[in-house]
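Trainee: Chains as they are written, first to last, in our numbering: chain A, 24 to 441; chain B, 24 to 441.
#1: How is residue 34 (chain A) classed by DSSP in three states: helix, strand or coil?
#2: Could you name the residues of chain B that residue 343 (chain A) contacts, counting a contact when the two beta carbons are closer than 7 Å?
#3: Going by beta carbon distance, what residues of the same chain come within less than 6 Å of residue 312 (chain B), once the five residues before and after it are set aside?
#4: Using a cut-off of 7 Å between C-beta atoms, extract the partners of residue 312 (chain A) located in chain B.
#5: With a threshold of 7 Å on Cβ separation, who are the neighbours of residue 36 (chain A) within its own chain once the five nearest residues in sequence on each side are excluded?
#6: The beta strand (DSSP E) that contains residue 162 (chain B), what's its start and end?
#7: Against residue 398 (chain A), what residues of chain B qualify as contacts under a CB-to-CB distance less than 7 Å, listed in chain order?
#8: Could you tell me which whole beta strand (DSSP E) segments of length 3 or greater appear in the stretch 53–131 of chain A?
#9: If you draw a straight line from the C-alpha of residue 385 (chain A) to the C-alpha of residue 414 (chain A), how long is it?
#10: Between B:182, B:261, B:183, B:149, which has its C-alpha nearest residue 167 (chain B)'s C-alpha?
#11: Mind listing, in chain order, the continuous alpha helix (DSSP H) runs of no fewer than 4 residues lying wholly within the stretch 176–252 of chain A?
#12: Between A:257, A:126, A:270, A:264, which lies nearest to residue 245 (chain A) when the distance is taken from Cα to Cα?
#13: Within 7 Å of any Cβ in chain B, is that where the Cβ of residue 28 (chain A) sits?
#14: Between residue 438 (chain A) and chain B, is the shortest Cβ-Cβ distance under 7 Å, so that the two count as touching?
#15: Tell me which residues of the stretch 52–67 of chain A have at least one Cβ-Cβ distance to chain C shorter than 7 Å, keeping chain order.
#16: Looking at the strands, I want to know which residues DSSP matches up with residue 145 (chain B).
#17: Taking only the alpha-carbon atoms, compute the straight-line gap between residue 24 (chain B) and residue 253 (chain B) and give it to the nearest angstrom.
#18: Using 7 Å as the threshold, is the C-beta distance between residue 390 (chain B) and residue 352 (chain B) below it?
#19: Could you work out which residues of chain A lie near residue 369 (chain B), taking near to mean beta carbons separated by less than 8 Å?
#20: Which first and last residues belong to the alpha helix (DSSP H) in which residue 378 (chain A) is found?
#21: List the whole-angstrom C-beta distance separating residue 215 (chain A) from residue 176 (chain A), where the pair is believed to meet the contact cut-off of C-beta under 8 Å.
#22: What does the alpha-carbon distance come out to for the pair residue 382 (chain A) and residue 432 (chain B)?
#23: Which term fits residue 439 (chain B), buried or exposed, when burial requires 16 or more other beta carbons within 10 angstroms of its beta carbon?
#24: Counting only beta-carbon atoms, is residue 326 (chain B) nearer than 7 Å to chain A?
#25: For a quick check, are the C-beta atoms of residue 378 (chain A) and residue 280 (chain A) less than 7 Å apart?
#26: Taking all protein chains shown into account, decide if residue 388 (chain B) is buried (16 or more other Cβ within 10 angstroms of its Cβ) or exposed.
#27: Under a Cβ-count criterion, where at least 16 other Cβ atoms within 10 Å of its own Cβ denotes burial, should residue 295 (chain A) be classed as buried or exposed?
#28: Please list the partners that residue 235 (chain A) has in chain B, where partner means a Cβ-to-Cβ separation under 9 Å.
#29: Using the beta-carbon of each residue, which ones in chain B are nearer than 7 Å to residue 419 (chain A)?
#30: What do you get for residue 66 (chain B), buried or exposed, if any count of 16 or more other CB atoms within 10 angstroms of its CB means buried?
#31: Since residue 239 (chain A) meets chain B, which of its residues come closer than 8 Å, beta carbon to beta carbon?
#32: Short of 7 Å in beta carbon distance, which residues of its chain neighbour residue 178 (chain B), apart from the five on each side in sequence? Order them along the chain.
#33: Would a check of beta-carbon distances place residue 139 (chain B) closer than 7 Å to chain A?
#34: DSSP beta-bridge partners for residue 174 (chain B)?
#35: Whose C-beta lies closer than 6 Å to the C-beta of residue 326 (chain A) among residues of the same chain, with five residues either side of it excluded?
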């Protein structure tokens, strides 16, 4: 069967004035991709009839499956439902199952059921209702000339719930697309062009149905191979074989096999070595701790941490010498070392990472180091290693950047690559 | 002058398989919006000539300004530059300024300058080069029939740097668009439909050039008013007047004036009251601390926190009674209270928030509470208040959700609204 082409249309003025970052599209695309369904385009339009209708017209020409999110709420700016109803020539009728569900939600939350909530239970009589277990606005499936249009609310949890319970099972049953295989590795410490140069001959030798992509970001470059074929057959083995060649060539800089977050890389490493970790964060303010605990099962290796934002916390909770802070500044090698060793001792972990630095662009009174300077240390059983790093952007980006550097530093320490 | 219409085209297979969330579009849209330039559409296409060309053809018909990001790197999957060069009928030539800059970057980072990096300095001879201070790929500006096409790298920091230093100043000088005014308030504790019902008469009375939008998420509803007019004149005053009416009507549930993050709301409140905060986080793993420290100047009121991920950390660093943990579980009222009071004492802050809960869907051995249960406490000078909350989703979404709830709980405590 030929490739299925899907388009995603997200609806909402908030997407066009930059008030909301569109996370729905990426999530939907990822799910479709695992079914071998190609998303060929993503479009965001505002809450207005003309733009939504034009996008629908165009995508019904280009694509087989069209996903819409947004504009299904109970308020006046939500115009998607009546628009779709008219577009496909239906009329709105109360759906009893949805009505019961909506009333239930209001009862459970102890909120009055309003006349306008009745409207949430109205659905076009020419669509299949996609039940929304997480909210009041049902999803809708319209079909026309063998094409499917699926409309869902824009609230991410509700959209995800409808996709998981209704849409994905239906797609799995109805579509069999070309086989598609992705495989990704992550490298750290070298730039995109250096990596490309190293594997140039491998890349040139690859067949046209296998494509290599470079995804650079913050000291890391992801390499993704994508293979496509009429049927799965040996496709996975073929893609894996090419990736194997790349991995061998880049052995020194590969930090992960698979498209996984750095916190998962750290988690896997600690689990595998049966070691524990604690953190002492100043400038990153708990962000590394947050990332580490995003991983399910983190309690197997992560003991906890101290966010020593103010100097007194470094002294009182981590036992950093007040004199050393006074003499060297809080952003210094000795303070980083004492923070790491202090938290390691307090929390009795095998490893501890500390980080102290100046993320803002202004100099900090009492600090000798320039803005953008970060001191980190990792303490282990036998030794503690400290290093100085630089970050170049604004506060928020520097925090992200420093956190990735910190995890990479820890990774190298544990792997004896420092 | 008539409204300027802008389109954003983001390029990259990673956007269509869900590997990358598109944050660039929202950022660009926000910047343009402040200049009164309407983004009417956002499109994401893959790394292929046909789809990029079609998107360009279409947007050159629809829009006045077209922003492209992505596909400018030094590797084979980066096809935007030669494509644009051909599209606008130019040829690639070495740009000396860019070449010097690229060589500089490689020297500074102590990396070999490769033949393929030379290509980074090639630019179409029919474009204006937009200097990239943060990376090797320059931005490009093409003009055709009075329309402008601006191409930038997809790496967010590089795109932002080019926008800030080259593009936005140029737009400010060249365009004068219709006046546009946004104003946003944030409400918490009531659903979208309840809020809409409360202000129905105000909404109905608003003139057509002022539009009200509801943006619900996680226990909060943002209300945004957008006014448009040929010239600024009294537009701001008019929009503010309508918002004033809404604010008065919703006085009980308005938590912020302006579209600001909850961590900023907390920050403003603490600054204004000249009080300090500390945190004891278990299940949220440092996420609230991360959010609080995203705000510039957080060191004026945030002392720090303890991420007591394992039970022993609750006991050792926060002084929670081991017996109480054994008897009641770590997710319990008494532990939440002892965590808040413990961290408040240890870090000598005016307020302390604690949070302990079960984010995953599986029951935890030794805990009496069900999965999805969160206990929080706020300790102040005179009293400590604890509350039980429920979250309903998966681990990552529950962490986000619990953190927002935590900040709202703290906000209510400080404002005596509990």
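Positions of the beta carbon are idealized from the N, C-alpha and C atoms, including for glycine.
Mentor: Straight from the coordinates:
#1: Against the first chain, residue 34 (chain A) aligns to sequence position 11. Reduced to three states, the DSSP call for residue 34 (chain A) is strand.
#2: Taking the first residue of the first chain as 1, we reach residue 343 (chain A) at position 320. The premise fails here: residue 343 (chain A) is roughly 13 Å from chain B at the closest Cβ pair, so nothing lies under 7 Å.
#3: Here residue 312 (chain B) refers to the residue found at position 289 when the second chain is read from its first residue. Same-chain partners within the cutoff: 302, 328.
#4: Against the first chain, residue 312 (chain A) aligns to sequence position 289. Those are 308, 309, 330, listed as they occur along chain B.
#5: Residue numbering aside, residue 36 (chain A) sits at position 13 when the first chain is read from its first letter. Result list for residue 36 (chain A): 69, 70, in chain order.
#6: If you number the second chain from 1, residue 162 (chain B) lands on position 139. First-last of the beta strand (DSSP E) with residue 162 (chain B): 162–167.
#7: For the purposes of this step, residue 398 (chain A) is taken as residue 375 along the first chain, with counting starting at 1. Ordered by position in chain B, no residue passes the 7 Å Cβ test against residue 398 (chain A), which lies about 17 Å from the chain.
#8: 61–68, 88–92, 115–117
#9: Residue mapping note: residue 385 (chain A) aligns to position 362 of the first chain, counting from 1. Residue mapping note: residue 414 (chain A) aligns to position 391 of the first chain, counting from 1. Approximately 13 Å between the Cα atoms of the pair.
#10: On the second chain, residue 167 (chain B) is found 144 positions in, with the first residue counted as 1. Checked all of B:182, B:261, B:183, B:149; the closest Cα to residue 167 (chain B) is B:149.
#11: 179–185, 191–197, 215–221, 223–228
#12: Indexing the first chain from 1 puts residue 245 (chain A) at position 222. When each option's Cα is compared against that of residue 245 (chain A), the closest is A:270.
#13: Within the first chain, residue 28 (chain A) is the residue found at index 5, counting from 1. No, its Cβ sits nowhere closer than 7 Å to a Cβ of chain B.
#14: As a working mapping, residue 438 (chain A) is identified with position 415 in the first chain. Residue 438 (chain A) does not count as touching chain B.
#15: No chain C appears in this structure, whose protein chains are A and B.
#16: Taking the first residue of the second chain as 1, we reach residue 145 (chain B) at position 122. Looking at the DSSP assignment, residue 145 (chain B) forms a beta bridge with B:117.
#17: Against the second chain, residue 24 (chain B) aligns to sequence position 1. Against the second chain, residue 253 (chain B) aligns to sequence position 230. Annotation note: pLDDT 43 at residue 24 (chain B) (below 50); position unreliable, no value reported.
#18: Here residue 390 (chain B) corresponds to residue number 367 of the second chain, with the count starting at 1. Here residue 352 (chain B) corresponds to residue number 329 of the second chain, with the count starting at 1. Yes.
#19: Position 346 of the second chain holds residue 369 (chain B). Correct list: 339, 340.
#20: Working through the first chain from its first residue, we reach residue 378 (chain A) at position 355. It is not in any alpha helix (DSSP H) - residue 378 (chain A) instead sits in the beta strand (DSSP E) that spans 374–380.
#21: Numbered from its first residue, the first chain carries residue 215 (chain A) at position 192. Numbered from its first residue, the first chain carries residue 176 (chain A) at position 153. At roughly 38 Å, the Cβ-Cβ gap does not stay under 8 Å, so residue 215 (chain A) and residue 176 (chain A) are not in contact.
#22: To locate residue 382 (chain A), count along the first chain from 1; it is residue 359. To locate residue 432 (chain B), count along the second chain from 1; it is residue 409. Computed Cα separation, rounded: 29 Å.
#23: Sequence index remark: in the second chain, residue 439 (chain B) carries index 416 (1-based). Burial call: exposed.
#24: To locate residue 326 (chain B), count along the second chain from 1; it is residue 303. Cβ-Cβ to chain A under 7 Å: yes for residue 326 (chain B).
#25: As a working mapping, residue 378 (chain A) is identified with position 355 in the first chain. As a working mapping, residue 280 (chain A) is identified with position 257 in the first chain. Cβ distance not < 7 Å, so residue 378 (chain A) and residue 280 (chain A) don't count as in contact.
#26: Residue mapping note: residue 388 (chain B) aligns to position 365 of the second chain, counting from 1. With fewer than 16 other Cβ atoms within 10 Å, it is exposed.
#27: Here residue 295 (chain A) refers to the residue found at position 272 of the first chain. Exposed.
#28: Looking up residue 235 (chain A) in the first chain gives position 212. By Cβ distance, chain B contributes 98, 99, 100.
#29: Numbered from its first residue, the first chain carries residue 419 (chain A) at position 396. 317, listed in chain order.
#30: The count along the second chain starts at 1 and reaches residue 66 (chain B) at position 43. With 16 or more other Cβ atoms within 10 Å, it is buried.
#31: Along the first chain, one-based indexing puts residue 239 (chain A) at 216. Result: 96, 178.
#32: Within the second chain, numbered from 1, the residue matching residue 178 (chain B) stands at position 155. Closer than 7 Å at Cβ, skipping near neighbours: 158.
#33: As a first step, residue 139 (chain B) is located in the second chain; it is residue number 116 there, counting from the start. Residue 139 (chain B) counts as touching chain A.
#34: As a working note, residue 174 (chain B) is residue 151 in the second chain. DSSP lists B:91, B:163 as partners of residue 174 (chain B).
#35: Against the first chain, residue 326 (chain A) aligns to sequence position 303. The residues are 299, 301, 370, 372.
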